[in-house]
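In what follows, a single structure is set out as structure tokens and then discussed.
So this is what it looks like as structure tokens:
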């Protein structure tokens with residue numbers, strides 16, 4: 062490796078700079094040639110996130126599997142809530158129910174299901190698979206929720222679930238403009254225009 066890449070801080074900066082300009086292939090080279098036994102978890106996360114944003118599921122999963130196969134006690138690099146949030150989002154992009162279930166199991170084993178970021182990612186993933194019951198289960202187990210946790214459940218409600226969506230909407234401790242847009246579009250998308258007028262007033 063060139064001398065100007067002799068320290069981990071320089072490599073970290075180089076990787077982040079490449080990713081900032083969306084040069085993921087260029088960022089991968091110093092990542093693979095990292096001078097320490099393993100890059101820190103921050104760098105693993107930004108690489109996985111970069112492939113996730115490009116919806117390059119195969120590369121996201123490849124990096125994630127590599128990370129999970131490391132000798133964690135020796136190297137001291139462990140996946141965190143951001144790692145799992147990005148990989149769950151990748152599952153949603155790929156629409157892979159099997160992989161989503163596997164990664165949800167890893168989330169549970171790492172004690173992160175109640176984490177806000179991971180929980181929101183799971184709540185967003187399951188409705189894409191049309192598995193609303195599991196989205197509700199994740200929601201109920203979360204120790205902390207924000208407006209996105211609540212709004213994600215409302216946004217995927219179908220006609221037969223709009224009553225439940227309304228219950229969730231009225232239980233929300235706070236609502237933003239997006240929450241109102243989501244509930245109105247939910248009724249409109251299901252042809253329930255009387256309710257659209259009511260919620261639009």
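In the working numbering, the protein residues as written are 62 to 262.
By construction, the Cβ of each residue, glycine as well, lies at the ideal position given by its N, Cα and C atoms.
Nearest to residue 214 by alpha carbon, out of 204, 182 and 118?
Numbered from its first residue, the chain shown carries residue 214 at position 153. Checking every option, the nearest Cα to that of residue 214 belongs to 182.
How about residue 180 and residue 199: do their beta carbons lie closer than 7 Å?
Within the chain shown, the letter at position 119 stands for residue 180. Within the chain shown, the letter at position 138 stands for residue 199. Yes. Within cutoff.
Would you mind sorting residue 71 into buried or exposed? The rule is 16 or more other CB atoms within 10 Å of its CB.
Position 10 of the chain shown, counted from the start, is the residue given in the question as residue 71. Residue 71 should be labelled exposed.
Between 135, 112 and 78, which lies nearest to residue 151 when the distance is taken from Cα to Cα?
Here residue 151 is taken as the residue at index 90 of the chain shown, counted from 1. Comparing Cα positions, the closest option is 112.
Run the CB neighbour count on residue 93, radius 10 Å, all protein chains shown included, and call it buried at 16 or more, exposed below.
Here the question's residue 93 lines up with position 32 in the chain shown. Exposed, by the Cβ-count rule.
Would you identify the three-state DSSP class for residue 190, choosing helix, strand or coil?
As a first step, residue 190 must be located in the chain shown, where it is residue number 129. Note: residue 190 maps to coil in three-state DSSP.
Contacting residues, own chain, Cβ-Cβ under 6 Å from residue 253 (five flanking each side not counted)
Along the chain shown, read from residue 1 onward, the residue named residue 253 stands at position 192. Excluding sequence neighbours, residue 253 sits near nothing in its chain.
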